[in-house]
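Engineer: Residue numbers (the numbering used here): 741 to 1358. Mind having a look at this structure? Questions to follow.
The structure is reproduced here in structure tokens:
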């Protein structure tokens, strides 16, 4: 980057390619037009053109004369570590006279060369005065326009495929995830994305893989790409970094464990990228790396980029961070993955209330990569995989995770757009309570045609007491005719002399509940019932339960709930985010039934729940 320069006084000569600042005559600022020509001239020197012809070409293009020594001085200042300069230095060292006789001979040769040069200059002046200058023009002998053309040609080393790959490289959001099906060109895009900043000396980037073995492939690809785009770029194996002629640096290393992020304590980067993000089981490393993102150069935007396929150990948190908040391809304000709330500047900040930054998820498909999809061989490999893996790697389906307990769940089948629910449909609710964690409440309507459960509303909150939750529930269901409610039976536990239970607090407010089933085998029975509800009936071609797309938390949780690793019929008991699942389990086990007029004729008794205690209604 060309920096401003101080002038001794206003009469001092301006440095080449600089102009006087309109704000301060003692400050020289880069002339952007001339800078562009100078950079092309420097490219000409790198390609082997002589300094004299380069200086003549530059003088003609800019209208401001510069000597061959002047362009050499700029070259040494701007590109001190260029490959050709180092080569020239080595050549000078080799040819440097060592003995007294060699030094005397070199001095005679210099005098001869100087005399020859003076003679040539004199002949040129004479020819000019006599008007007989028949020498070829600079543009004829050295077509620097071709250098620009060559430069453009060199820059077309990587051309993104139309569609998602182009969208990823053009994305302006702070954090972007390029994910989905295998073979979509994600990893190569991750290498190409930071190339636009390699000409900036202030650039400092970081690309990560989980293991060193996985990193190798990225390094090999970068060695094919970067030196072609930036001649003189060098890969330093010991430091795991690229050094570019401008001075820009790019580290390519691995991060296997969460505690390894401490290696980057005190460091700063303007660009951070992670390949295969779902291989990280928790968001800890990703969040910590975000704290290393900073720059003092306003020309460098802060960027976090990631690529991944669905599945693996980090599927759930990556899905919550990038997939669930907004439709694919749509920019959105960054949210907290636990609460779903938009991250904003605090009230004490000058930007109080504004979103911190934006995120975006760009889906990829195999068809986006014509080079890999052309012959169909790779697609055949993906088609041969088991269903869950095929959905992940071929379809880029985020609705299924490795070891998912409810692999039957598909958004295309079980998620519907909201619609007006008829007043005569039976409605009820279920809830799982948590204060330090989360409380989840769901409202259901029963379609009398197929007895299908319609989950039409969701409440997902934390730090709510029993009274807080009761009020929130009553506020949400105003106008609804709720038949009954099922609440986690642990909410009926007495609290000694301290007062009523959580359930009693809500019941006294008018938020009526009955306890969930806590008998032996209730959890497994509830899971089996949900499996049955998720199945599509062969006769009706309808599932037994569907969710409004506004119930975002259960839609996000249900596909990633893990099965018990011990092979039992329950979910993994270590899974902490089971609040929405427990609420739904209570709901499907409440034996809901749509009232039919035929029931009366058949003598079917109406199921009434009678409270054991008339005071609190439970």
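Don't be surprised by glycine CBs; every beta carbon is placed ideally from N, CA and C.
Using C-beta distances below 7 Å, list every residue in its chain close to residue 963, excluding the 5 sequence neighbours before and after it, in chain order.
Structural biologist: For this step, residue 963 is matched to residue 223 along the chain shown. So the list reads 975, once near-sequence residues are dropped.
Engineer: What is the residue span of the beta strand (DSSP E) that residue 1169 lies within?
Structural biologist: Residue mapping note: residue 1169 aligns to position 429 of the chain shown, counting from 1. Start and end: 1167 to 1172.
Engineer: Just the Cα atoms here: how many angstroms apart are residue 1326 and residue 996?
Structural biologist: The count along the chain shown starts at 1 and reaches residue 1326 at position 586. The count along the chain shown starts at 1 and reaches residue 996 at position 256. If I take the Cα positions, the gap works out to 40 Å.
Engineer: What residue does the beta strand (DSSP E) around residue 811 start on, and which one ends it?
Structural biologist: By one-based count along the chain shown, residue 811 stands at place 71. Looking at the DSSP string, residue 811 is not in any beta strand (DSSP E); the run it does join, the alpha helix (DSSP H), is 808 to 818.
Engineer: Please name the residue or residues paired with residue 976 in a DSSP beta bridge.
Structural biologist: Here residue 976 is taken as the residue at index 236 of the chain shown, counted from 1. The partner list for residue 976 (beta bridge, DSSP) reads 981.
Engineer: Does the distance from the CB of residue 699 to the CB of residue 1078 come in under 8 Å?
Structural biologist: Any property of residue 699 remains undetermined from this structure, which presents the chain solely from 741 to 1358.
Engineer: Whose CA, out of 1048, 1284, 1227 and 1288, lies closest to the CA of residue 1157?
Structural biologist: Residue mapping note: residue 1157 aligns to position 417 of the chain shown, counting from 1. Comparing Cα-Cα distances from residue 1157 to each of 1048, 1284, 1227 and 1288, the minimum goes to 1288.
Engineer: Nearest-angstrom Cα distance between residue 751 and residue 767?
Structural biologist: Counting from 1 along the chain shown, the entry for residue 751 is found at position 11. Counting from 1 along the chain shown, the entry for residue 767 is found at position 27. Spanning the two alpha carbons is a distance of roughly 12 Å.
Engineer: Let me confirm a value: residue 953 is counted as buried when at least 16 other C-beta atoms fall within 10 Å, else exposed. Which label applies?
Structural biologist: Residue mapping note: residue 953 aligns to position 213 of the chain shown, counting from 1. The residue in question, residue 953, is exposed, as its Cβ has fewer than 16 Cβ neighbours within 10 Å.
Engineer: Looking only at its chain, what residues have a beta carbon closer than 6 Å to the beta carbon of residue 1330, apart from the 5 residues adjacent to it on each side?
Structural biologist: Mapped onto the chain shown, residue 1330 falls at position 590. 1226.
Engineer: Beta-carbon within less than 8 Å of residue 1192's beta-carbon, same chain only, minus the 5 sequence neighbours each way: which residues are those?
Structural biologist: Within the chain shown, numbered from 1, the residue matching residue 1192 stands at position 452. So the qualifying residues of the chain are 1186, 1282, 1283, 1284, 1285 and 1286.
Engineer: Do residue 808 and residue 824 have their C-beta atoms closer together than 8 Å?
Structural biologist: Residue 808 sits at position 68 when you count from the first residue of the chain shown. Residue 824 sits at position 84 when you count from the first residue of the chain shown. No, Cβ-Cβ distance for residue 808 and residue 824 is not below 8 Å.
Engineer: Give the secondary structure of residue 772 by DSSP, where H, G and I count as helix, E and B as strand, and everything else as coil.
Structural biologist: Residue numbering aside, residue 772 sits at position 32 when the chain shown is read from its first letter. DSSP places residue 772 in helix when its eight states are reduced to three.
Engineer: For residue 1193, which residues does DSSP report across the bridge?
Structural biologist: The count along the chain shown starts at 1 and reaches residue 1193 at position 453. According to DSSP, residue 1193 bridges with 1186 and 1285.
Engineer: Tell me whether residue 1319 is buried or exposed, calling it buried when 16 or more other Cβ atoms sit within 10 Å of its Cβ.
Structural biologist: In the chain shown, counting from the first residue as 1, residue 1319 sits at position 579. Looking at its Cβ environment, which holds 16 or more other Cβ atoms inside 10 Å, residue 1319 is buried.
Engineer: Rounding to the nearest angstrom, what Cα-Cα distance links residue 948 and residue 851 in this structure?
Structural biologist: The sequence position of residue 948 within the chain shown is 208, counting from 1. The sequence position of residue 851 within the chain shown is 111, counting from 1. Going from the Cα of residue 948 to the Cα of residue 851 covers about 57 Å.
Engineer: Compare the Cα-Cα distances from residue 1009 to each of 1018, 1017, 1040 and 1021 and report the closest residue.
Structural biologist: Here residue 1009 is taken as the residue at index 269 of the chain shown, counted from 1. Of the listed residues, the one whose Cα sits closest to residue 1009 is 1040.
Engineer: Closest to residue 969 by C-alpha separation, out of 960, 747, 984 and 980, would be which residue?
Structural biologist: The count along the chain shown starts at 1 and reaches residue 969 at position 229. When each option's Cα is compared against that of residue 969, the closest is 984.
Engineer: List the whole-angstrom C-beta distance separating residue 1181 from residue 1169, where the pair is believed to meet the contact cut-off of C-beta under 8 Å.
Structural biologist: Along the chain shown, read from residue 1 onward, the residue named residue 1181 stands at position 441. Along the chain shown, read from residue 1 onward, the residue named residue 1169 stands at position 429. The Cβ separation is near 6 Å, so the contact holds.
Engineer: Given this structure, state the Cα-to-Cα distance separating residue 1064 from residue 1050, to the nearest angstrom.
Structural biologist: Sequence index remark: in the chain shown, residue 1064 carries index 324 (1-based). Sequence index remark: in the chain shown, residue 1050 carries index 310 (1-based). Between residue 1064 and residue 1050, the C-alpha separation is close to 13 Å.
Engineer: Got a sec, what are the start and stop residues for the alpha helix (DSSP H) residue 991 sits in?
Structural biologist: Reading the chain shown from its first residue, position 251 is the one you call residue 991. Per DSSP, residue 991 belongs to no alpha helix (DSSP H); it is in the beta strand (DSSP E), 989 to 994.
Engineer: Any heavy atom of the ligand ATP within a distance shorter than 7 Å of the CB on residue 999?
Structural biologist: Ligands are entirely absent from the displayed structure, and the ligand ATP is therefore not among its contents.
Engineer: Less than 8 Å separating the beta-carbons of residue 972 and residue 822?
Structural biologist: Here residue 972 corresponds to residue number 232 of the chain shown, with the count starting at 1. Here residue 822 corresponds to residue number 82 of the chain shown, with the count starting at 1. Against a cut-off of 8 Å, the Cβ pair of residue 822 and residue 972 comes out as a contact.
Engineer: Using a Cβ-Cβ cutoff of less than 6 Å, which residues in the same chain neighbour residue 757 once the five nearest sequence positions on both sides are dropped?
Structural biologist: By one-based count along the chain shown, residue 757 stands at place 17. Within the same chain, residue 757 has close Cβ partners 771, 774, 775 and 778.
Engineer: Thinking just about the alpha-carbon of each residue, which of 1310, 1102, 1021 and 834 is nearest to the one in residue 1145?
Structural biologist: For the purposes of this step, residue 1145 is identified with residue 405 of the chain shown, where counting begins at 1. Residue 1310 is the option with its Cα nearest to residue 1145.
Engineer: Quick check on residue 754: does DSSP put it in helix, strand or coil?
Structural biologist: What you label residue 754 is simply residue 14 of the chain shown in a count that begins at 1. Coil, per DSSP.
Engineer: Around the C-beta of residue 892, are 16 or more other C-beta atoms found within 10 angstroms, so that it is buried, or is it exposed?
Structural biologist: Locating residue 892 in the chain shown gives position 152, counting from the first residue. Bear in mind that the predicted position of residue 892 carries a pLDDT of just 49, short of 50, making it too unreliable to give a figure here.
Engineer: Below 8 Å CB to CB, which residues in the same chain sit around residue 1207 once its five sequence neighbours on both sides are set aside?
Structural biologist: For the purposes of this step, residue 1207 is identified with residue 467 of the chain shown, where counting begins at 1. 1245, 1246 and 1249.
Engineer: From what residue to what residue does the beta strand (DSSP E) around residue 1327 run?
Structural biologist: Taking the chain shown and counting its residues from 1, one reaches residue 1327 at position 587. First-last for residue 1327: 1319 to 1328, but that is the alpha helix (DSSP H), not the beta strand (DSSP E).
Engineer: Under the DSSP definition of a beta bridge, which residues are partnered with residue 1201?
Structural biologist: Translated into positions along the chain shown, residue 1201 becomes position 461. Bridge partners of residue 1201: 1179.
Engineer: Helix or strand or just coil, what does DSSP make of residue 899?
Structural biologist: For the purposes of this step, residue 899 is taken as the residue at position 159 of the chain shown. Looking at residue 899 - three-state DSSP - the assignment turns out to be coil, as it is neither helix nor strand.
Engineer: Classify residue 1043 as helix, strand or coil using the three-state DSSP reduction.
Structural biologist: On the chain shown, position 303 is the one that residue 1043 refers to. Residue 1043 falls in the strand class under three-state DSSP.
Engineer: Counting only the same chain and skipping the five closest in sequence on each side, list residues whose C-beta sits under 7 Å from that of residue 890.
Structural biologist: Taking the first residue of the chain shown as 1, we reach residue 890 at position 150. The predicted model places residue 890 with a pLDDT of 48, which falls under 50 and marks its position as unreliable, so this point remains unresolved.
Engineer: Look up residue 1206 in the DSSP assignment and say whether it is helix, strand or coil.
Structural biologist: As a first step, residue 1206 must be located in the chain shown, where it is residue number 466. Of the three classes helix, strand and coil, the one that applies to residue 1206 here is helix, per DSSP.
Engineer: Using the Cα positions of residue 1038 and residue 1090, report the straight-line distance between them to the nearest angstrom.
Structural biologist: Against the chain shown, residue 1038 aligns to sequence position 298. Against the chain shown, residue 1090 aligns to sequence position 350. Approximately 19 Å, taken between the alpha carbons.
Engineer: Closest to residue 1072 by C-alpha separation, out of 991, 939, 913 and 1273, would be which residue?
Structural biologist: Indexing the chain shown from 1 puts residue 1072 at position 332. Closest option to residue 1072, Cα to Cα, is 913.
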